[in-house]
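Reading through the structure tokens given below for one structure.
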Amino acid sequence: MTLSPVNIILIGVFGLLGIGLYGLLTIRNLIKIVMVLQLLVKAAIIGLVLAGKVSGQIDLGQSTAATVLVADTMVAVVGLALAVQIRLRWGTLDITALSKLKG
Amino acid sequence: MVNPLILTTIFLPWLGAVAIWAIHDRNPRLQHALAVGFSLLAGLAALAILPFISSQETAVFSLTTQSASPSTWGSLTFVPDAMGVLLTVIATVIGSFAIIFSVEYMHGEAQLGRYYALILIFIGAMSGLALTGSLLFLFFFWEITALCSYALISFYNDDPKAVAGGIKALVITQLGGVGLLGGALVIAANLGSYDIPNFLANSQALSPALLAFVAFAFLIASAAKSAQVPFQTWLPDAMEAPTPVSALIHAATMVNAGIYLLFRFYPAFASVPGWKTAVVVVGLLTAFLAALMAAVAGDLKRVLAYSTVSQLGFMVYAIGVGGVFAAQFHLFSHAVFKALLFLAAGAVIHSVGTRQMDRMGGLGKEMPFVRNVFIIGALALAGIPILNGFWSKELVLESGLEGGPQWAYLFMLATAGITAFYSMRMVWMVFYGEPADPSRHVHDAKVAMRVALIPLAFGAFTTWLLAGPLSNASALSLPFHEIHAMSTLEFAIEILIAPSTWITVSIVAIGLLIYLLRGKLTWLSSRLAWLKFAAQNSFGFEKINQFIVAVIQRSASLLRKTQTGQLNWNLAALVGCLVIILMIVIWSV
Amino acid sequence: MNQPIYYLLLVIGSFFCAYRMMTSKNILSAALYLACVSAMTSAILYMLGATQVAVMELSVGAGLVTVLMVYAISVVGKDASDPAPIIPRGFAALLCLGTIGILLWACLPLIPVSGSRTAQPLIITLWQGRVLDVWIQVVLLFAGVMGILGLLAEQAIRKPDLNHTTQTGK
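Sequence order for the protein chains is A, B and C.
One point on numbering: in the working numbering, the residue at position 3 of the first sequence is -9, and numbering is uninterrupted.
One point on numbering: in the working numbering, the residue at position 334 of the second sequence is 373, and numbering is uninterrupted.
One point on numbering: in the working numbering, the residue at position 27 of the third sequence is 64, and numbering is uninterrupted.
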């Protein structure tokens, strides 16, 4: 297996994915979780463009990546706004404590 | 010509259900009238199918597209053969009697719309079940009858016992329904269609292992639906239902669906090794144990429920030894006399207000009409000559002597004796002896009840005369079952000259005498006290039920701990499943 | 520019920044590490040939999202809540390594299809080939903005309460 650029980027995509999943499993701060989601999305974008290049359809790869970028930015923005509101209302950003809230 | 009639028997009751539900409970008289009207019309339509009995399949509604390949659901076909039309006639005609009876029984009760609608939906579904030629639609109608049964058992939904009984019936019969669905899917996957005549013709096309699987799956489904051992615990608890419901659903109709299933698929499964023996054992155990339980029960409807289970055991035994016509004939007689017994018991319970027999007693003087019809039914149940129960039970035992193992025949003979014993006990405790409460005020049955009871009592005397036409129709329209057609006279002579008949009659007489002379036989009852104790605790089957329920509840509360509600754990489960799915995908590609 | 060494550097750099982002105690520095990851992602995209998306990624990821994060952190306060995870770290690492391992084992080595067409400008692809996507994005943006306005409006009213925050249902 040669270390061609494409292979390296593939390792990069899966590596970022793995780090992001590890973060989702271990992090308890809500804002940090939003950041980790952003990280996963970056991995996805690189993966999409890479797939476009490898299969020869660069246009498709780019346009899908642009779509995903916009959508997930919206996710991050709304997630941050929610995190702010939660902090103001309940005073904590720990998702373990937030799971136990009633009402 | 037969298509509109078939559709009428199914959809007219459903239309009636919608109509009754739509007019709400503001107008109970209209509800009673509509219910009676719709069910009578359905009964007439079912009787009108009788001249058209044939083995020809009539496709009514086909979901196939332009291409020739069959669609996923198959077509809704109907086969108006003798067994199907018999069950349809029983369902609709006895259904109309039960509804006529309900006019008086449910007078002044609340929520009549729900009651009548459910009964009518049930009647339509039962007709569909009996007449359909497609396995998938058989399952569909089977499930509708289970739903209506559950809803009607829990009709008095303020009573926790009724609700518990309904849920128990639903769970046990639905577990059996899984067997039916599994078998149907295996058949469809291997033969390419859900068609029943097609399966009966090509049953050898399935590999022996698959055929055995389907045979035993169908046996489980019918044992659960017909309350055979080990699934018999739901029927006695289902007696919380209003009595006309018990008469229709749990005596004459729905429990016959299991027998119908075994009957219809008998030609395909008879060659499976061990199947017939299993059926004989199931029928035998059920008949014997249920008869013992009936002999010690104190609740009138429970005695009748156990008696139903026992008589169904007779029918299952008959199928197991190869006497399929005997089973069919006994099903017919049993439907008539059991409905008669239940409705008469309903009249008694409605009047006295309790179901416990030790609080009745001496009612014969005050309710002569009910006493007379009840005695007719009890004599038919016991198998006294001339009444229809005698002829059909003799036919069952005779085919058992010819086709089955000898030890099984001896047990069934003993069961016939016990049947006579508890029938006599039932009649005596309710109608004779000293009244438990001399100050009570009871009235005899009024018009609506009498109108329902008289035809049934008449039938108990006369339906055996239809044995000849029934066997003719069966031989004609059921080509795979190899039924030997004889006229009624030939049947009668054959039964009367067979030695087994007279053995049975003497055993029945012994059973009756044992009850009448019970004062002098106290030494026997004290020796059999252990048996009485076991029978009163339903031979441990209730304990098994409770154990299963407890195990399920405990494992459910253990599994509850995996639902932590924490995001991290949910995501860990997600990632874990992702790993598993990836492994599956990669290893299969 | 197409030599493997540059790609290797970018990938390893993004791994490092991602890891630092997750394990830093200060949320603000985590946000800045995220911006670094965005920048490196943008560089990778550029070297893969998707120039327009690289520019979009840089401006959105390293610009917009980072600014929003910093704003949110300023409102929330730099409470150093970084509790220990409830799942054992080794188990989580095992799961993630398992996923990556299986994926890498299945997908490597990648062989690009030769003879690709020349790329159209992105704008033509989007507005002609994927018009539906674009309109869905417009609706999404609109909805997102409305949502933010709604959420932040309430925050604007409640902001003076920060000193006397009632802690209900902790």
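We treat Cβ as the ideally placed atom computed from N, Cα and C, and that holds for glycine.
Note that the structure is a prediction, hence the values are computed from the model and not measured.
Boundaries for B/Ser114: no alpha helix (DSSP H) harbours it, while the beta strand (DSSP E) harbouring it runs 114 to 117, taken from the DSSP string. Taking the beta carbon of A/Leu25 as reference, no residue of chain C falls within 8 Å; the closest one sits roughly 11 Å away. Closer than 8 Å to the CB of A/Leu28 there is not a single CB belonging to chain C. Separation of the CB atoms of B/Gly134 and B/Ile235 is rounded to 24 Å, and the pair is thereby denied contact status at 8 Å. CA-to-CA, the gap between B/Ala329 and B/Arg65 works out to about 43 Å. Short of 7 Å from the beta carbon of C/Leu189, and not among the five residues preceding or following it, lies no beta carbon of its own chain.
B/Ala524 places its beta carbon less than 8 Å from that of B/Ser510. With contacts defined by Cβ atoms closer than 8 Å, B/His369 and B/Ala357 form a contacting pair. B/Leu517 is positioned such that its CB atom lies closer than 8 Å to that of B/Met122.
In the DSSP assignment, B/His71 falls within the unbroken alpha helix (DSSP H) covering 67 to 88. Classified as buried, A/Gly35 has 16 or more neighbouring CB atoms from the shown chains inside 10 Å of its CB. Put simply, the CB of A/Ser43 is far from chain B, with every gap to its CB atoms at 8 Å or more.
Residues Lys62 of the same chain have their beta carbon placed closer than 8 Å to that of C/Asp119, with the five preceding and five following residues left out of the count. Only residues of its own chain outside the window of five on either side were considered, and among them Gly337, Asp338 have a CB closer than 7 Å to the CB of B/Gln395, listed in chain order. Here DSSP, grouped into helix, strand and coil, assigns B/Thr171 to strand.
Contact check for C/Gly50 against C/Thr78 fails: the beta carbons are separated by 8 Å or more.
Sequence-distant partners of B/Lys571 (beyond 5 residues in either direction) whose C-beta falls short of 7 Å from its own C-beta, in its chain, are Val335. B/Gln150 sits in coil when the DSSP states are folded into three classes, being neither helix nor strand. Taking 8 Å as the cut-off, the beta carbon of A/Ala64 is found closer than this to the beta carbon of A/Leu25.
At a C-beta separation below 7 Å, A/Thr84 has these neighbours in chain B: Gln605.
Counting the other Cβ atoms within 10 Å of the Cβ of B/Glu143 gives 16 or more, which makes it buried. Judged by beta-carbon spacing, B/Tyr461 lies beyond the 8 Å limit of B/Gly401, meaning their Cβ atoms are not closer than that value.
Looking only at B/Phe255, B/Leu613, B/Thr272, the smallest Cα-Cα distance to B/Ala344 is reached by B/Thr272.
The beta carbon of B/Ile623 does not come within 8 Å of any beta carbon belonging to chain C, so the residue lies off that interface. Under the three-state reduction of DSSP output, B/Asp483 falls in the coil class, being neither helix nor strand.
What C/Ile123 touches in chain B, judged by beta-carbon distance under 9 Å, is Thr603, Gln605, Asn607, Trp608, going in chain order. For a cut-off of 8 Å, the C-beta gap from B/Gly385 to B/Phe194 is around 14 Å, too long to register as a contact. Under DSSP, B/Gln395 forms a beta bridge with B/Asp338. Here the alpha carbons of B/Gln95 and B/Val57 stand approximately 32 Å from one another. Put simply, of B/Leu80, B/Ala612, B/Ser285 the residue whose alpha carbon is nearest the alpha carbon of B/Thr601 is B/Ala612. CA-CA distance, C/Ile160 to C/Met93, rounds to 12 Å.
Between the segment 226 to 234 of chain B and the segment 286 to 300 of chain B, the count of Cβ pairs shorter than 8 Å is below three; the stretches do not touch. Note on geometry: alpha-carbon atoms of B/Gly550 and B/Ile457 lie some 6 Å from one another.
For B/Gln592, the number of other beta carbons within 10 angstroms of its own is below 16, and it is reported as exposed. Secondary structure at B/Asp197: coil, using DSSP grouped into helix, strand and coil. When DSSP reads this structure, A/Asn17 sits in a beta bridge with A/Asp82.
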